[in-house]
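For the sequence shown, full-length UniProt numbering begins at 1 and goes up steadily by one. Backbone N, C-alpha and C fix where the C-beta goes; we use that ideal spot for every residue, glycine too. Everything on this sheet refers to the single structure shown next.
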Amino acid sequence: MPATTLPPFPDNVPTHPLLVVDYALLKEGDSEELDRLWTAATTLGFWYLKNHGVDSEVNEMFRMGEETMHLPLEEKMKFEQGDEGLSFGYKAAGANAVEASGLKDTVEFINIAKDDAFAWPQQARRSYPSTVNDRMPNTVTPFVKKSNEINDTLLGIFNTRLGLPDGTLTSLHSPDEYSASEARVIKSPASAAASMTKERMAIGAHTDFGSLSFLHNRLGGLQVLPPGITEWQYVKPLPGHAICNVGDALALFSGGILHSNIHRVVPPPGEQSKLNRCSLVYFTRPGNSVVLRALKDKSSLINEATQSSNNTTNDPEETAEQWFMRRIKNQRVKNITL
């Protein structure tokens, strides 16, 4: 559905204003814009990104997602990701838990591996529905490549600010190494009731597993819980603006300097709740062999941060592959132990 036909985001719900970062100015090295990004990444860990140049690819990815979700469930289930910690493929609604009680989520999504997008027409990680394959060369791969480039640019900026040797963060996210990096199109069902209840939660409270998330949505539903605040607040979608956030892996690498903040997805507010909600995100995650730990031996700034009493990060001492598989596996309803 075109953005111009969507009901407006209501004015009477709690929202959290995000800093707006101009990607074009970041590319030019504008000092004020670089400072703005750093402030956003080290406080809430969320920001809007404009002038990213991916709008046409985003529109086509939404179309691919719509085509995929319209397939019969029996066909989609041929590509289900399963319960063993694999992320790529289709996830049916209700397969994941939104909390430890085992309460089921309400969203379905399709995950496409960065490795498959880059390797096309060869298969690197797994097979996908025909709706994905048909659009891989002209839609999926261009979106993944541009998203990866944007997140690499952000990683380079953070690399400099953290005082790391040139190329440290980008080398941990090499496109040449298999990783859990992926594009995801999510569909949340429409809800006739505008009031929010736990039973209608789409995706439960969580932090992102990876390093950077590059999100595109047209309806509300994303909520953040800012530090020191007890009430969940909506993040209002802005046309032409992506929503970016820091994930757990990047927070770990930085010794907690970069902030991975808790968030969740609920039905859109007001009249928007009567529509299906679709969103698109690209997750940049470290290479499978990368050990997740603070890079304190490479940066005095990170070393100092790890000594701070305010630092709450703990090195998992696992590879990225082990860590992500464990966390993804633990989300599955079938793996919940009550």
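Among the candidates the options, whose CA atom is the shortest distance from the CA of residue i?
i           : options            : result
residue 159 : 330, 333, 34       : 34
residue 238 : 220, 261, 255, 77  : 220
residue 118 : 299, 259, 139      : 139
residue 266 : 277, 299, 211, 38  : 277
residue 161 : 316, 301, 18, 151  : 301
residue 148 : 174, 16, 216, 157  : 174
residue 150 : 37, 52, 7          : 52
residue 135 : 254, 215, 61, 98   : 61
residue 330 : 102, 30, 14, 164   : 102
residue 66  : 81, 187, 166       : 187
residue 121 : 106, 107, 108, 137 : 137
residue 286 : 242, 211, 235      : 211
residue 14  : 235, 251, 252      : 235
residue 218 : 336, 105, 38, 269  : 269
residue 157 : 254, 70, 222       : 254
residue 49  : 214, 251, 288, 325 : 214
residue 38  : 322, 314, 257, 107 : 257
residue 16  : 320, 260, 223      : 223
residue 153 : 178, 71, 28        : 28
residue 104 : 324, 172, 205      : 205
residue 231 : 178, 241, 262      : 262
My understanding is that residue i touches residue j, with C-beta atoms under 8 angstroms, so please give their C-beta distance in whole angstroms.
i           : j           : result
residue 249 : residue 283 : No, residue 249 and residue 283 are not in contact; Cβ-Cβ is about 10 angstroms, not under 8 angstroms.
residue 334 : residue 83  : 5 angstroms
residue 272 : residue 9   : 7 angstroms
residue 275 : residue 216 : Not confirmed; about 16 angstroms, so no contact.
residue 18  : residue 47  : 5 angstroms
residue 87  : residue 328 : 5 angstroms
residue 89  : residue 126 : 6 angstroms
residue 260 : residue 207 : 5 angstroms
residue 69  : residue 108 : 7 angstroms
residue 164 : residue 155 : 10 angstroms between Cβ atoms; not a contact.
Using DSSP bridges, identify the partner residues of residue i.
i           : result
residue 20  : 48
residue 206 : 263
residue 234 : 15, 223
residue 287 : 179
residue 161 : The partner list for residue 161 (beta bridge, DSSP) is empty, contrary to what the question assumes.
residue 42  : According to DSSP, which records beta bridges pairwise, residue 42 is partnered with nothing at all.
residue 187 : 108, 278
residue 214 : 244, 282
residue 319 : 291
residue 332 : 96
Is the beta carbon of residue i within less than 7 angstroms of some heavy atom of the ligand SAM?
i           : result
residue 153 : Inclusion of the ligand SAM in the displayed structure is not the case, the ligand content being empty and no account of it being possible.
Touching by the beta-carbon criterion (3+ pairs, under 8 angstroms), the region 56-64 and the region 93-109: No, the region 56-64 is not in contact with the region 93-109.
Stretch-stretch touch, CB-based, cutoff 8 angstroms, three pairs: the region 221-230 with the region 294-308: Too few Cβ pairs lie closer than 8 angstroms, so no.
Segment contact, 8 angstroms Cβ cut-off, at least three pairs: the region 14-28 with the region 291-299: Fewer than three Cβ pairs drawn from the region 14-28 and the region 291-299 lie within less than 8 angstroms of each other, which leaves the two stretches out of contact.
Sufficient close CB pairs (3 or more, under 8 angstroms) joining the region 121-136 to the region 67-83: These segments touch.
Runs of beta strand (DSSP E) lying entirely within the region 240-283, each at least 3 residues, in chain order: Segments of the beta strand (DSSP E) lying fully in the region 240-283: 242-246, 263-265.
Any 3 or more C-beta pairs closer than 8 angstroms across the region 242-259 and the region 36-45: Contact between the region 242-259 and the region 36-45 is present, because at least three Cβ pairs lie under 8 angstroms.
Segments of 4+ residues assigned as alpha helix (DSSP H) that fall wholly inside the region 71-145: Whole alpha helix (DSSP H) segments, 4+ residues: 73-76, 114-119, 130-133.
Given 8 angstroms, three or more beta-carbon pairs between the region 108-122 and the region 175-187: Three or more Cβ pairs drawn from the region 108-122 and the region 175-187 lie within less than 8 angstroms of each other, which places the two stretches in contact.
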